[in-house]
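Below is one structure, written out as structure tokens, with a few remarks after it.
Residue numbers (this note's numbering): 4 to 383.
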């Protein structure tokens, strides 16, 4: 399967602080796991193309970009309150060179979009990307610039494509939704833990789009503690029909890993097995609706050593139509153990080890009711 893995060590420098739950080392953990498994060859790895600052202005306010640049250089003399643009907070602390380091992440996603949209490959992955909470003029939720929004706008303006954006992160993909809320050439689908119980507190079924974009925003808020069967049932119930109605040219997937049971920042009870099945579904949907064209990014994922590498290795395997081995290499485990990190030895989760893991008929029925409500709003 022709696919590219956009990667550079520089992408791991997007570190908000050493104590922050966002751990960029998960990129290297995943890449080394894929290499040890024999699922990723050096010929598939490419670096991002250079990107101009002006490309950020496709979706970001010029004054905001200028403010990020000023703060990145450590300049304390400025005429604005950094917190008014979402920076200098616990979620988004100011760090040196953050403008350049975040722009590098955006460049990697734009490169992935370019490679697929131009027909060079069918699939491309940038696991450093997925910064879906950043808004036009404000940082939010660990995200400074929105690589996904820039990539989508790039696909529209340079290739005239209809884009279906699918967000599987546990948190609502709010930044991307609001960016394209009035646009008919973009379909946004976000499957997330209900905003009644989780940041960013948005993503209700009635957020459907406005003006020419009415009906092109689809939200599927799930009940906390949703388990595998209900999760996969909802994906299959809604997403294929939405894509069939919209007729996209390309899929862009945000594959945040934080819907997993062990993630400390969300409350969905999904296993690596179900995550892998969800990615295989996305791969199949790309084959059915976009001639195989799909770009995937990372996103959330805060059990960085134990869960995220397995999840994203499964993402790459699914998109490249390779089988994910059940046993993870002892050499990979030993390498990271020597660096003080505990990793998993098996790809699949053993739910018998999880005391609070319990499928619920009531949660399943509530999720199905949500799916029915969503499908009644289709207007494309």
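All C-beta atoms in this analysis are idealised placements derived from N, C-alpha and C, irrespective of residue type, glycine included.
Starting from the Cα of residue i, find the closest Cα among the options and give me that residue.
i, options, result
"residue 374", "142, 235 and 340", "235"
"residue 32", "379, 340 and 353", "340"
"residue 381", "368, 241 and 21", "241"
"residue 277", "293, 317 and 307", "317"
"residue 343", "368, 308, 313 and 314", "308"
"residue 24", "204, 268 and 372", "268"
"residue 44", "372, 237, 319 and 248", "319"
"residue 2", "40, 34, 8 and 21", "Look at the range of the chain in this structure, 4 to 383, and you will see that residue 2 is not part of it."
"residue 378", "218, 273 and 286", "218"
"residue 99", "121, 74 and 81", "74"
"residue 353", "300, 368 and 274", "274"
"residue 141", "178, 162 and 119", "178"
"residue 246", "220, 259, 173 and 207", "220"
"residue 229", "28, 361 and 253", "361"
"residue 96", "163, 248, 22 and 351", "22"
"residue 104", "376, 81 and 13", "13"
"residue 227", "102, 370 and 53", "370"
What's the gap between the Cα of residue i and the Cα of residue j?
i, j, result
"residue 284", "residue 85", "41 Å"
"residue 321", "residue 128", "12 Å"
"residue 364", "residue 126", "37 Å"
"residue 10", "residue 50", "5 Å"
"residue 5", "residue 292", "18 Å"
"residue 231", "residue 92", "35 Å"
"residue 124", "residue 238", "26 Å"
"residue 147", "residue 182", "14 Å"
"residue 332", "residue 313", "12 Å"
"residue 367", "residue 280", "18 Å"
Is residue j closer than 8 Å to residue i when the C-beta atoms are compared?
i, j, result
"residue 15", "residue 37", "no"
"residue 191", "residue 168", "yes"
"residue 144", "residue 202", "yes"
"residue 108", "residue 17", "yes"
"residue 196", "residue 270", "yes"
"residue 257", "residue 198", "no"
"residue 243", "residue 171", "no"
"residue 186", "residue 250", "no"
"residue 193", "residue 223", "yes"
"residue 116", "residue 298", "yes"
"residue 19", "residue 47", "no"
"residue 259", "residue 304", "yes"
"residue 119", "residue 155", "no"
Can you find a CB in chain D that lies within less than 8 Å of the CB of residue i?
i, result
"residue 119", "Annotation note: the requested chain D is absent from the structure, which comprises a single protein chain."
Worksheet item: Going along the chain, which unbroken runs of the beta strand (DSSP E) with 3 or more residues stay wholly within the segment 273-356?
Response: 297-300
Would you check if the segment 261-279 and the segment 132-143 touch, i.e. whether three or more CB-CB distances between them fall below 8 Å? no
Would the segment 151-160 count as touching the segment 99-118 if we require 3 or more Cβ pairs under 8 Å? yes
| request: Spell out a yes or no on whether the segment 57-70 and the segment 334-349 are touching, meaning 3 or more CB-CB pairs, one atom from each, closer than 8 Å. | output: They do not touch, by the three-pair rule.
*asked:* Restricting to runs no shorter than 4 residues, where is the alpha helix (DSSP H) found entirely within the segment 168-242?
replied: 177-182
If you pair each beta-carbon of the segment 212-222 with each one of the segment 331-338, do three or more pairs fall below 8 Å? no
### Message
Ignoring anything shorter than 3 residues, give me the beta strand (DSSP E) runs that lie fully in the segment 117-142, in order along the chain.
### Response
126-129
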